[in-house]
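In the working numbering, the protein residues as written are 330 to 557. Ideal Cβ placement from N, Cα and C applies to all residues, glycine included. Worksheet for the structure shown next.
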Amino acid sequence: MSIRTAAIEGETGEQSVVDRIIVTLRQGVAEGTLAPGQRLVEVDLTRRFGVSRGPVREALRRLVAEGLLSLEHNKGIAVRQMSRKEIADLYKIREVLEGLAAKLAAAIDNKDRKSTLKDLRTKMLTASTSSDWHNYFDLNQLSHALIAQMSDNPQLLQMIRQLDVHFFRLPFRRLLAPKISVMHSGLDSAIEAVLKGDGEKAQAAMAAHVRVVAEATNSMPDSYFSVA
């Protein structure tokens, strides 16, 4: 979905308008309609969303604060392009957070959520063996999100969500598609441990999975990363 040119309708209050702008811009970054380094001009956004400058400014301010956008002197606001080191540093954080989430999720016997996770696991296997990389990464993202929710730790869930947008961009997915089989093996092991209630194994498997994805990401072309 690209950024909508029509006015945002059916919203009540400035806060809900701000939230909707944030969600739409995040989706634009994730889907590649907003490319790394692309400038976001305030007046253009007010026209596209059919709102005043206030909500647009607040949405941009929040996205800069969470690191999705960058504010550069004399250049304005743009979609943030990250360096190899910045990405590597985020993966180190993600390794710890998602490993902990898997451990906590394994300890909680929520039959409905485990059933959903089991179903996602089956669908991911099918997608990974049929080279359906777009569907695979959608299912992968849902699996990671569900495990984070299963941890029953709202603070941990929020931290993981703030990192997600950096790792699930469409160009990022496309470049990693050839490595699906290697990446899937580790995630599948983590899911199996969560389903069996083995917290220690779930944590170790998830951490190892994140490290494998980090290595795959680091092998991507220089053009994906900023020079800084």
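Rounded separation between residue i and residue j - CA only
{"i": "Leu471", "j": "Pro507", "result": "20 Å"}
{"i": "Ser381", "j": "Leu369", "result": "15 Å"}
{"i": "Pro365", "j": "Arg498", "result": "10 Å"}
{"i": "Leu492", "j": "Ile437", "result": "24 Å"}
{"i": "Ile476", "j": "Asp441", "result": "13 Å"}
{"i": "Leu446", "j": "Thr353", "result": "27 Å"}
{"i": "Ala417", "j": "Ala431", "result": "21 Å"}
{"i": "Asp461", "j": "Leu468", "result": "11 Å"}
{"i": "Asp448", "j": "Arg540", "result": "25 Å"}
{"i": "Glu371", "j": "Arg386", "result": "7 Å"}
{"i": "Leu374", "j": "Ala388", "result": "11 Å"}
{"i": "Ala533", "j": "Leu454", "result": "21 Å"}
{"i": "Ala522", "j": "Val511", "result": "18 Å"}
{"i": "Pro550", "j": "Glu415", "result": "15 Å"}
{"i": "Glu529", "j": "Ser459", "result": "31 Å"}
Contact under 7 Å by Cβ, residue i with residue j
{"i": "His513", "j": "Ser457", "result": "yes"}
{"i": "Ile520", "j": "Leu426", "result": "no"}
{"i": "Ala531", "j": "Tyr420", "result": "no"}
Inter-residue CB distance, residue i and residue j (contact presumed, cutoff 8 Å)
{"i": "Ala435", "j": "Asp527", "result": "6 Å"}
{"i": "Val494", "j": "Arg376", "result": "Val494 to Arg376, Cβ: 24 Å. No contact."}
{"i": "Met535", "j": "Gly428", "result": "5 Å"}
{"i": "Val423", "j": "Phe554", "result": "Residue identity check: residue 423 is Arg in the sequence provided, not Val. Their Cβ separation, rounded to whole angstroms, is 17 Å, which puts Arg423 and Phe554 out of contact at 8 Å."}
{"i": "Ala545", "j": "Leu505", "result": "6 Å"}
Neighbourhood of residue i by C-beta distance below 8 Å, restricted to the same chain and skipping five residues each side
{"i": "Glu401", "result": "Ala407"}
{"i": "Lys404", "result": "Arg368"}
{"i": "Pro384", "result": "Glu343, Val346, Val347, Ile350 and Phe378"}
{"i": "Leu485", "result": "Leu426, Leu429, Ala430, Leu433 and Ala477"}
{"i": "Ser552", "result": "none"}
6 Å CB neighbourhood of residue i in its chain, flanking five on each side removed
{"i": "Val393", "result": "Leu400"}
{"i": "Glu395", "result": "Gln491"}
{"i": "Arg450", "result": "Ile520"}
Closest residue to residue i among the options (Cα-Cα distance)
{"i": "Lys452", "options": "Lys443, Tyr465 and Ser460", "result": "Tyr465"}
{"i": "Ser444", "options": "Lys525, Glu387 and Ala545", "result": "Lys525"}
{"i": "Val558", "options": "Asp373, Gln367 and Arg391", "result": "Nothing can be reported for residue 558: it is not among the residues displayed for the chain, which extend from 330 to 557."}
{"i": "Val556", "options": "Gln410, Ile509 and His463", "result": "Gln410"}
{"i": "Phe496", "options": "Val511, Asn547, Arg386 and Asp448", "result": "Asn547"}
{"i": "His463", "options": "Met479, Glu395 and Arg502", "result": "Arg502"}
{"i": "Asn439", "options": "Ser480, Glu529 and Leu454", "result": "Ser480"}
Cβ-based neighbour list, residue i, same chain, cut-off 7 Å, excluding 5 preceding and 5 following
{"i": "Asn482", "result": "Leu433"}
{"i": "Leu397", "result": "Arg355, Val358, Arg409 and Val494"}
{"i": "Ile509", "result": "Ser457, Trp462 and Tyr465"}
{"i": "Gly515", "result": "Ala534, Ala537, His538 and Val541"}
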